[in-house]
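If you're matching positions, the sequence shown starts at 580 in our numbering and goes up one per residue.
See structure below.
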Amino acid sequence: MTLQVFLYATFAYPVLYILPAYVANGAPVLFGGGRPLDFKVKIGGKRILGDNKTVRGTFLGIASGIVIGVIECPFLHMLAIAALLSVGALAGDILGSFIKRRAGVESGKSVPLLDQYGFFVVALLFASPLGRLPSAYGLLFLVLLTGLLHVLANMGAYMVGVKKVPW
Ligand code: CTP
Ligand code: MG
580 MTLQVFLYAT FAYPVLYILP AYVANGAPVL FGGGRPLDFK VKIGGKRILG DNKTVRGTFL
640 GIASGIVIGV IECPFLHMLA IAALLSVGAL AGDILGSFIK RRAGVESGKS VPLLDQYGFF
700 VVALLFASPL GRLPSAYGLL FLVLLTGLLH VLANMGAYMV GVKKVPW
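Listed below in C-alpha cells is the structure:
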C-alpha cells in the first residue's frame, strides 16, 4: 500500500463516510425545537425522552444528513449508506435520551460516553449491513475525532453563549 492510499483510507475516507451522521446529529441543535417527540408522555412518572428531543429536530436532522449524502453521491455513491447513518444517528441519540430518562438523569445533563458515542455507534450499526465501512485504523481515527469534536462543539457553543458551561 502506498502512503497516499493509507492516508486516504485512514483519514479522508472515514471522515467522508461518517459526515452524514455528524451533520444529522448536529443539525437539530440549529433547527430543533417545538413539539417534543414523546408528546410529553411519561412512563413510571418520568418522561419517555424529555423536551430536548423534538419532532422537527429529528426530521430535519435526518434530512440534513441525507443532503450530505446527496452532495457526496457523485464521488462516493453512498446515498443509501448516508440515509442509514442519518436515521441511525438520530435513533442512537434518542436511545441515549431514553436511557438517561429511565436512569433519572434530567434533560440536558450529561452522561459521559453515552452523549459522545451513542449516535456514532448506532449510526455505524445501521449502515454496516451495506458494507464499505472504513478500515480498522479509520474507525479508530473516527472514535478519537468524535470525542474531540464533541469537546470543541461544546466549547464553541459556550463561547457564542448557547451553553452555560464549556463542557
Ligand atoms: N434537538 C432536537 N431534536 C432532537 C435532538 C436534539 O430538537 N432529536 C435539539 C434540542 O433543541 C436540544 C438540542 O438539539 O435541546 C441539543 O440536543 P442534545 O444535546 O442531544 O440534547 P440534550 O440537552 O443533551 O438532551 P438529553 O438529556 O435528552 O440528551
Ligand atoms: Mg445530549
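Built from N, CA and C at the ideal position, the CB exists for glycine as well.
Just so you know, these numbers come straight off a predicted model, no measurement behind them.
DSSP places Phe585 in the uninterrupted alpha helix (DSSP H) bounded by Leu582 to Leu586. Taken through DSSP and simplified to helix, strand or coil, Ile622 comes out as strand. Counting along the chain, the unbroken alpha helix (DSSP H) around Met738 starts and ends at Ala715 to Met738. In this chain, the alpha helix (DSSP H) harbouring Arg635 covers Val634 to Leu655. Distance check between Phe705 and each of Ser714, Lys632 and Ala659 places Ala659 closest, using alpha-carbon atoms only.
Residue pairing by DSSP places Pro593 in no beta bridge whatsoever. Contact between Leu674 and Gly640 is ruled out by a C-beta separation of about 14 Å, above the 8 Å threshold.
Between the alpha carbons of Leu628 and Val634 lies a distance of about 12 Å. In this structure the stretch 646-666 touches the stretch 706-713; the number of beta carbon pairs closer than 8 Å is three or more.
Counting along the chain, Gly612 sits inside no alpha helix (DSSP H), nor does DSSP assign it H or E at all. Beyond the five residues adjoining it in sequence on each side, Gly717 comes within less than 7 Å, by CB distance, of Ala588, Thr589, Tyr592 and Pro593 in the same chain, given in chain order.
Under the 10 Å beta carbon count, Lys619 is surrounded by fewer than 16 other beta carbons and is classified as exposed.
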